[in-house]
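Chemist: Its first residue numbered 564, the sequence shown is counted upward by one per residue in this note's numbering. Here a beta-carbon is modelled for each residue, glycine too, at the ideal position from N, C-alpha and C. Please read all numbers here as calculations on a predicted model, not as lab measurements.
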Amino acid sequence: MTRTRAIVITGNGTNCETEAAHACRLGGFDEAVIAHIAEILSGEIRLDDFHFLNLTGGFLDGDDLGSAKAQANRLKYAALHGSDEKLVEQFTRFINDGKLVLGVCNGFQLMVKMGMLPALDGNNLQQTVTLCHNDSGRFQDRWCYLKADTASPCIFTKGIEKGMYLPVRHGEGKFLTDTPETLARIEEGHLAVLKYSDQSYSAPAMEFPANPNGSTNAIAGLCDPTGRLFGLMPHPEAFVHYTQHPRWTREQLPEAGDGLILYRNAAEYARKNLS
Ligand SMILES: NC(=O)CC[C@H](N)C(=O)O
């Protein structure tokens, strides 16, 4: 059995790479490498050598042109240094090889703007959904309840019975689809993995502040039909240990934070299927 390897891409404005790599190790990956995008563009580090790709939160290119838009174009159209190989070929191969991708916040924005999600018609990198400015017109920094769709094919959320409590911190988290048909297909396929909800994890929350951005159908996280590609606006890497919970000194909490299960499931999947 080979070692399970996660990669976290940093550079151009990401800011959660250390936490993401820590979450991967805590979740059970044998190795988690933080790679600068320049090392990938130079060909020094190749995605082919990993099982789990993490696209993290941050302010890629300062959110100019809309969050993650410039990086989405860079990753789709840039060629590797001194070579005709396009970087996007590595991404496509990574996905087609049955590997795992997790995009958190700015990373989720990057995945949808590259067209990696929801991939309703296969991995053709055509953008059909977006994340735009919060209805409040303000950056939202708060903890949210997220109801999980237990019928979802998502590999990362397996075993979550009700939902998760995680922090959001974003200015552009409002989920929109290009057409009502796209939304219907997302719902029918149970691809809207996580929805903002109230504390009881019952109905999706359409009202602020439980729904922090005005997302269509309260969608907070989305997977592709294979369940191996997953993106979400809340930050699972920011709640992997109970001391990260806002009320940890007052409540009795289990040692693992709610976000850790996503990384545990990814590590288990990689161990069983990819290594
Ligand atoms: N925390 C983040 O990744 C923020 C994403 C993006 N910069 C936004 O504000 O929407």
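Since Thr-713 is in the alpha helix (DSSP H), which residue starts that stretch and which ends it?
Modeler: Element bounds for Thr-713: n/a, residue is neither H nor E.
Chemist: Name, in chain order, the residues that DSSP records as bridge partners for Ile-782.
Modeler: Lys-758
Chemist: Skipping 5 residues on each side, what residues in its chain have a beta carbon closer than 6 Å to that of Ala-584?
Modeler: Val-571, Ala-595 and Ile-597
Chemist: If you follow the beta strand (DSSP E) that Met-727 is in, where does it begin and where does it stop?
Modeler: 726-733
Chemist: Could you tell me if His-798 is buried or exposed, where buried requires 16 or more neighbouring beta carbons within 10 angstroms of its beta carbon?
Modeler: buried
Chemist: On a Cα-Cα basis, can you pick out the residue from Asp-593, Arg-609, Gln-672 and Leu-618 that is closest to Leu-628?
Modeler: Gln-672
Chemist: Output the boundary residues of the beta strand (DSSP E) element that contains Arg-568.
Modeler: 568-573
Chemist: Counting along the chain, where does the beta strand (DSSP E) carrying Ala-595 start and finish?
Modeler: 594-599
Chemist: Taking the DSSP output, what are the residues bridged to Lys-737?
Modeler: Cys-695
Chemist: Confirm, please, whether the CB-CB distance from Asp-698 to Asn-780 is below 8 Å.
Modeler: no
Chemist: Below 8 Å, can you find three or more Cβ-Cβ pairs linking the stretch 661-681 to the stretch 707-715?
Modeler: no
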